[in-house]
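Everything on this sheet refers to the single structure shown next.
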Amino acid sequence: MSATPDILCIGSVLWDIIGRSAIVMRQGSDVPGRITRLPGGVAMNIAMTLARLGLRPAVLTAVGRDAAGDELVAACDRLGVETGFAYRSDDLPTDQYMAVEGANGLIAAVADAHSLEAAGDKILRPLADGTLGSAGDPWRGLIALDGNLTVQLLAEVAASPLFAGADLRVAPASPGKAERLVPLMGHPGATLYVNLEEAGLIAREVFADAGAAAEGLLARGAARVLVTDGGRACAEGTRGAGVIVDAPPKVMVTRVTGAGDTFMAAHIVAERRGADRRAALAAAIRAAATYVSGEMPS
């Protein structure tokens with residue numbers, strides 16, 4: 001294992017199998033395109049971007065001791081992501097995610113993160129056994145946490161002394177898992193990164209735009225939130241400091257899977273480098289726009 005990581009990324013690390021076509025698609029479409037297999041998962045996407053931007057991330061996740069898991073660990077190491085703290089399971093297969101994207105965006109996706117869910121709190125052992133922290137001396141640095149963990153485990157994280165001193169950055173894995181983040185709304189050190197749909201699901205309300213969503217989540221107890229809305233204006237809201245809004249540049253969209261994770265990672269790095277609220281939001285928006293345009297490597 002390397003020196004103490006700059007940030008811990010907790011959640012899904014798996015194989016992304018993505019089919020992309022430059023053609024507009026609908027249900028039942030059968031079109032030419034390209035299929036790629038790359039390391040992915042919310043925690044991994046964030047970690048890869050952090051590594052590209054100069055940080056030393058480590059992942060806390062579950063990876064099988066199968067051929068796919070060995071390949072995945074080797075790929076992570078090449079990308080500068082520390083896997084030495086990950087839980088390697090002898091009886092759980094390595095997770096995977098499959099998506100189809102057309103010129104009109106994401107068509108469909110299936111996330112098979114059952115092994116991560118089955119591993120449960122085993123992935124958090126390094127934070128409890130003294131390797132990275134303990135209940136009496138918790139980790140006090142940055143943690144990126146994704147919503148692929150179970151509802152029960154996320155609720156435990158929200159109340160656990162192991163996370164009491166952390167700068168906790170939280171993202172849902174998908175709109176379907178957004179409501180899992182509700183227990184973390186009250187964590188004083190938590191920053192939630194959500195899109196407009198996810199914000200509405202958490203708040204159980206329909207919001208007109210990202211600014212309104214940020215206001216709504218703060219009113220419901222969140223300490224800090226960032227809300228994206230595709231190519232429309234994004235917002236950052238902080239309790240006691242209000243909401244700020246900025247709009248992304250117009251770009252040609254060539255991919256969407258991983259854009260939110262890139263936004264989150266770029267925002268974290270900008271703040272770590274001393275950027276204020278407006279500069280950090282602008283940096284995150286630029287990074288996400290560059291990513292969806294295809295100019296940033298996967």
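With UniProt numbering applied, the sequence shown corresponds to residues 1 to 298, in that order. All C-beta atoms in this analysis are idealised placements derived from N, C-alpha and C, irrespective of residue type, glycine included.
Around the C-beta of residue 89, 16 or more other C-beta atoms lie within 10 Å, and the residue is accordingly described as buried. Burial check for residue 172: the Cβ neighbour count within 10 Å reaches 16 or more, so the residue is buried. Within the same chain, 16, 18, 40, 99, 101, 106, 109 come within 8 Å of residue 257 by CB-CB distance, once the 5 residues on both sides are set aside. Taking the C-beta atoms as reference points, residue 158 is found nearer than 8 Å to residue 184. Taken in chain order, the unbroken stretches of alpha helix (DSSP H) that lie wholly in the stretch 18-100 and span 4 residues or more are 42-52, 67-78. Taking C-beta atoms as the reference points, residue 233 and residue 247 count as a pair closer than 8 Å. Restricting attention to 145, 160, 114, 153, the CA atom closest to the CA of residue 128 is found in 160. Of the candidates 151, 188, 238, 46, 46 places its Cα closest to the Cα of residue 60. Your pair residue 14 and residue 94 checks out as a contact, with CB atoms roughly 7 Å apart and the cut at 8 Å.
Using a Cβ distance threshold of 8 Å, residue 37 and residue 20 do not count as a contacting pair. Here DSSP, grouped into helix, strand and coil, assigns residue 290 to helix. In this structure, the straight-line span from the alpha carbon of residue 97 to that of residue 4 is close to 29 Å.
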